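Here is the structure we will look at, set down as structure tokens.
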Amino acid sequence: MIKLQKILVVLIAVGFTLALSGLAGQCRDISDNVLRLHIIANSDSMEDQNLKLKVRDSILSDTKDLFSKAKNRSDAENIVNENADKILKIARETVEEEGYKYPVSLEVVDESFPTKSYEDITLPAGEYRAVRVIIGNGEGHNWWCVMFPSLCIPSSSDISLDMYFSDNETSFVKSDPKVDVRFKCVELFEKMRERIK
Numbered sequence: 516m517i518k519l520q521k522i523l524v525v526l527i528a529v530g531f532t533l534a535l536s537g538l539a540g541q542c543r544d545i546s547d548n549v550l551r552l553h554i555i556a557n558s559d560s561m562e563d564q565n566l567k568l569k570v571r572d573s574i575l576s577d578t579k580d581l582f583s584k585a586k587n588r589s590d591a592e593n594i595v596n597e598n599a600d601k602i603l604k605i606a607r608e609t610v611e612e613e614g615y616k617y618p619v620s621l622e623v624v625d626e627s628f629p630t631k632s633y634e635d636i637t638l639p640a641g642e643y644r645a646v647r648v649i650i651g652n653g654e655g656h657n658w659w660c661v662m663f664p665s666l667c668i669p670s671s672s673d674i675s676l677d678m679y680f681s682d683n684e685t686s687f688v689k690s691d692p693k694v695d696v697r698f699k700c701v702e703l704f705e706k707m708r709e710r711i712k
């Protein structure tokens, strides 16, 4: 009897692991279609946090039309690379206009993000390609959103996700994370994966 229970526990664990890895694979498919924007403040002082938000507003305002011709994340990333100097100039000018002399840097990297909801869309936790804008020492709280497809701006609810995601992916990101335990499972799975790395 005890041997049968052990076998049952192992089978359940294997089934759960396979289901999670399949779910994690679906989430990776989603992250492969997304380019995030990540802005890191110089520090956690109120002034530096306000500056971070002003840099954010300037970048979003001045780059809102950049991705109009992008069909996928690769296109969006190429557009960022081609316009990195312009994006950096926007950020640096905003910092200077606000009276600061902080250096500003920009890099496109892979980063881990937690589950995040944008109105009626939720992106699962996982590793995403991100445009990082680092202000000064980059030791403050950060702000992030999705640059492509554009979920950073108020009109994001008008975006047709069908253009960027499969039907399964679209229904997944439109799930309610409060009632969909898959989001929490994926987040835990991704944290374990990060620790193993």
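For what it's worth, this note's numbering labels the leading residue of the sequence shown as 516, then goes sequentially. Virtual Cβ for every residue (Gly too), placed ideally from N, Cα, C. This structure is a prediction, so every number in the text was calculated from the model and none was measured.
Taking C-alpha positions only, residue 649 is separated from residue 555 by approximately 5 Å. Separation of the CB atoms of residue 569 and residue 609 is rounded to 6 Å, and the pair is thereby assigned contact status at 8 Å. The segment 583 to 590 and the segment 620 to 627 do not touch, with fewer than three beta-carbon pairs separated by less than 8 Å. Runs of beta strand (DSSP E) with 3 or more residues, each lying fully within the segment 542 to 621, are found at 550 to 555, listed in chain order. Looking from the CA of residue 604, the closest CA among 558, 638 and 618 belongs to 618. In the three-state reduction of the DSSP assignment, residue 652 falls in the coil class.
Under the DSSP definition of a beta bridge, residue 625 partners with 644.
Beta-bridge partners of residue 637 (DSSP): 632.
Residue 557 is not a Cβ neighbour of residue 642, given a cutoff of 8 Å. Residue burial annotation: residue 662 is buried, with at least 16 other C-beta atoms found within 10 angstroms of its C-beta. By the neighbour-count criterion, in which a residue is buried when 16 or more other Cβ atoms sit within 10 angstroms of its Cβ, residue 553 is buried.
Here residue 606 really is in contact with residue 573; their C-beta atoms are around 7 Å apart, less than 8 Å.
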